[in-house]
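For the numbering used here, count along the sequence shown from 1 and bump the result up by 81. Don't be surprised by glycine CBs; every beta carbon is placed ideally from N, CA and C. Here the structure is a predicted model, which means the values were calculated and not measured. One structure is given here, and the rest of the page talks about it.
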Amino acid sequence: MVNGSCLLDAHEFQSRLDQTQAAKLQAESDLKRATDLIQRKILSQSEFDDAQSKFRIAAAAEAEAKTMLDYTLIVAPFDGVITRKLAEVGDLAAPGKALLQMENPDTLRLETVNLVGTTDNSGRRSRNFKGRQIKPTLRRRRTCR
């Protein structure tokens with residue numbers, strides 16, 4: 082993941098925004114037509130008021146859809162790797178609730194400890210230059226500021 086990458090994709094919210102934008106364009110077109118007709122005294126005031134109301138409703142629906150889509154935007158705060166998923170599909174996300182655990186590979190380092198005659202949980206064995214087995218462990222690298 083790169084800093085600023087989108088970590089969540091919400092197609093249904095984007096589709097809803099697309100629908101509301103199309104409805105707003107239609108309402109805007111209808112309002113322009115109604116404005117022209119009322120100036121020529123062909124349209125009644127109540128029909129013109131209806132066209133204005135439909136446009137305002139469509140604009141409000143579009144603003145709501147944009148807001149809802151923005152709520153789905155979760156971006157990577159730094160370059161890194163997702164190491165743990167803490168939420169499942171359908172779980173409620175709330176401020177302060179962790180959804181993912183990320184690590185910056187630049188702050189990790191591999192340390193080896195010489196162990197004789199052991200394997201890690203996966204059953205894999207590694208050998209160092211003297212033929213002894215080693216077990217790799219990951220630890221955070223401490224940085225001085």
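From which residue to which residue does the beta strand (DSSP E) around residue i run?
| i | result |
| --- | --- |
| residue 155 | Where residue 155 is concerned, there is no enclosing beta strand (DSSP E), given that its DSSP letter is neither H nor E. |
| residue 184 | 181-184 |
Quick check on residue i: does DSSP put it in helix, strand or coil?
| i | result |
| --- | --- |
| residue 138 | helix |
| residue 124 | coil |
Would you call the CB atoms of residue i and residue j closer than 8 angstroms?
| i | j | result |
| --- | --- | --- |
| residue 139 | residue 105 | yes |
| residue 181 | residue 167 | yes |
| residue 183 | residue 141 | no |
| residue 102 | residue 128 | no |
Could you tell me if residue i is buried or exposed, where buried requires 16 or more neighbouring beta carbons within 10 angstroms of its beta carbon?
| i | result |
| --- | --- |
| residue 154 | exposed |
| residue 93 | exposed |
| residue 164 | exposed |
Which residues mark the beginning and the end of the alpha helix (DSSP H) in which residue i is found?
| i | result |
| --- | --- |
| residue 165 | No alpha helix (DSSP H) contains residue 165, which is instead part of the beta strand (DSSP E) from 162-166. |
| residue 98 | 92-120 |
Between the stretch 147-159 and the stretch 126-136, can you find at least three pairs of beta-carbon atoms closer than 8 angstroms? no
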